[in-house]
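Quick note on our numbering: the sequence shown kicks off at 34 and runs consecutively. What follows is a single structure, written as structure tokens, with notes after it.
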Amino acid sequence: MSTVLVQPNASLLPAGPVGSVDAYMQAVSSIPVLSQEEERALAVRLREQGDLDAARQLVLSHLRFVVHIARGYTGYGLQLGDLIQEGNVGLMKAVKRFDPEVGVRLVSFAVHWIRAEIHEFVLRNWRVVKVATTKAQRKLFFNLRKAKKHLGWLSAEETRAVAEDLGVTPRDVNEMERRLSSRDLAFDPAPNAADDDDGHAFTPAAYLPSPEADDPAVSVENADWEEASATRLRVALDRLDDRSRHIVESRWLAEEKRTLQDLAGEYGVSAERIRQLEANAIKKMRGLMII
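So this is what it looks like as structure tokens:
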């Protein structure tokens, strides 16, 4: 994934390789932090006048805080530059929604937005298959590691304590612990799989059965059988008298199927008589369709 970092003012950039995360972090750390009065004045200009230059200054002065937060998520095996970029997106969303009249500093307000964007990025990219989709699972994903006191599996007592502390059920804790302990597995065997001692590749492609529908011979056979069955059905219907054929078609083949009472009213007989005619017609058709 390519990383596009929000670039500070060019005059504040120190000498260094273009695209270097280290150079970027050095640059943002050199940008002066705004005082509370300066921050409020810029926020008022943005809110009342839509001043984009004010928004830019607010974003630039807080990029160092995004770096600090993003570095706390490097344990998930993702590139720091990508984490910083996602955090910058959250910072820009926070600047857009910041209300200077509330009386809190922008950095305090922006932490939620920065972390939310980073969390979404981690959950989308940590595994090929998502490990956290519900609210309880998302909470566990980011807190279970910190809650565990050792590297082994949690005991029943530890599971209950973690569940109570995070406001989830013990079942949720056990499920997330299993997910975090698993690892992605390639569907196809690795190129050197044939070199294994036992000559088998332990991947899903090696042991999952192939559906019968994937067999061309089976597909052709099923198609022929369906076509032949449809032909025999048409022939059997044509061998019925008009009343019996109409009853069968109305009861079984029509898009809006009719009831026995409907047909009884149409033919002026009882519903039981319609049922008998239907049963006799189906019995006759079954005999005609047998190969």
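Backbone N, C-alpha and C define an ideal beta-carbon position, used for all residues, glycine too.
> Can you give the Cα-Cα distance for Leu116 and Lys126, rounded to whole angstroms?
Replying inline: When rounded, the distance between both Cα atoms is 16 Å.
> Taking the Cβ atom as the reference point for each residue, do Gln69 and Arg138 lie within a distance shorter than 8 Å?
Replying inline: yes
> Is it right to say Asn121 is buried, meaning 16 or more other beta carbons lie within 10 angstroms of its own, or is it exposed?
Replying inline: buried
> Since Val155 and Tyr106 are thought to touch, with beta carbons under 8 Å apart, how far apart are those beta carbons, to the nearest angstrom?
Replying inline: 6 Å
> Measuring CB to CB, does Ile64 end up less than 8 Å from Arg104?
Replying inline: no
> Taking just the CA atoms, how far does Asn313 sit from Glu260?
Replying inline: 25 Å
> Under a Cβ-count criterion, where at least 16 other Cβ atoms within 10 Å of its own Cβ denotes burial, should Ile323 be classed as buried or exposed?
Replying inline: exposed
>> Going by C-alpha to C-alpha distance, which of Arg73, Ile151, Gly110 and Leu310 sits closest to His101?
In response: Ile151
>> By alpha-carbon positions, which one of Ala74, Arg272, Leu93 and Val66 ends up nearest to Lys316?
In response: Arg272
> Phe131 lies in the alpha helix (DSSP H); which residues open and close that run?
Replying inline: Phe131: not part of any alpha helix (DSSP H); DSSP gives it neither H nor E.
> Mind checking Leu286: buried by the 16 CB within 10 Å criterion, or exposed?
Replying inline: exposed
> Which value, in whole angstroms, describes the spacing of the CA atoms of Gln112 and Asn255?
Replying inline: 51 Å
> Going along the chain, which residues of its own chain have a beta-carbon closer than 7 Å to the beta-carbon of Pro203, five neighbours each way excluded?
Replying inline: Within the same chain, Pro203 has close Cβ partners Thr192, Arg193 and Ala196.
>> So Pro133 and Arg89 are supposed to be a Cβ contact under 8 Å. How far apart are they, rounded?
In response: Their Cβ separation, rounded to whole angstroms, is 16 Å, which puts Pro133 and Arg89 out of contact at 8 Å.
>> Quick check on Arg276: buried or exposed, where buried means 16 or more other Cβ atoms within 10 Å of its Cβ?
In response: exposed
> Distance, Cα to Cα, Glu282 vs Gly320?
Replying inline: Near 18 Å, if we compare the C-alpha coordinates of Gly320 and Glu282.
>> Let's see if you can read the secondary structure: which residues bound the alpha helix (DSSP H) around Val100?
In response: Leu96 to Ala103
> Where does Ile307 sit, in a helix, a strand or coil, going by DSSP?
Replying inline: Ile307: helix per DSSP, three-state reduction.
>> Does Gly136 come out as helix, strand or coil in the three-state DSSP assignment?
In response: coil
> Going straight from the alpha carbon of Val305 to that of Ser252, what length do you get?
Replying inline: The amino acid at residue 305 is misidentified as Val; the sequence shows Glu. Roughly 42 Å separates the two Cα atoms.
>> Rounded to the nearest angstrom, what separates Asp198 and Glu190 at their Cα positions?
In response: The C-alpha of Asp198 lies about 12 Å from the C-alpha of Glu190.
> Between Glu288 and the rest of its own chain, which residues show a CB-CB distance below 8 Å, the 5 nearest in sequence each way excluded?
Replying inline: none
>> Taking the straight line between their C-alpha atoms, what separation do you get for His279 and Ala250?
In response: Those two C-alpha atoms are separated by around 37 Å.
> At which residues does the alpha helix (DSSP H) containing Gln112 begin and terminate?
Replying inline: Segment: none, Gln112 is in no alpha helix (DSSP H) and carries neither H nor E.
> What does a CB cutoff of less than 6 Å around Leu184 pick up in its chain, not counting 5 residues either side in sequence?
Replying inline: Annotation note: pLDDT 49 at Leu184 (below 50); position unreliable, no value reported.
>> Taking the alpha carbon of Asn158 as the reference point, which residue from Glu208, Gly110 and Leu67 has its own alpha carbon closest?
In response: Gly110
>> Using 8 Å for Cβ pairs, my map puts Val92 next to Leu124. What's the rounded Cβ distance?
In response: The C-beta distance from Val92 to Leu124 rounds to 6 Å, short enough to fall under 8 Å.
> DSSP on Val161, reduced to helix/strand/coil?
Replying inline: No answer about Val161 holds up, because its pLDDT of 48 lies below 50 and its placement is not dependable.
>> Using a Cβ-Cβ cutoff of less than 7 Å, which residues in the same chain neighbour Phe142 once the five nearest sequence positions on both sides are dropped?
In response: Ala127 and Phe131
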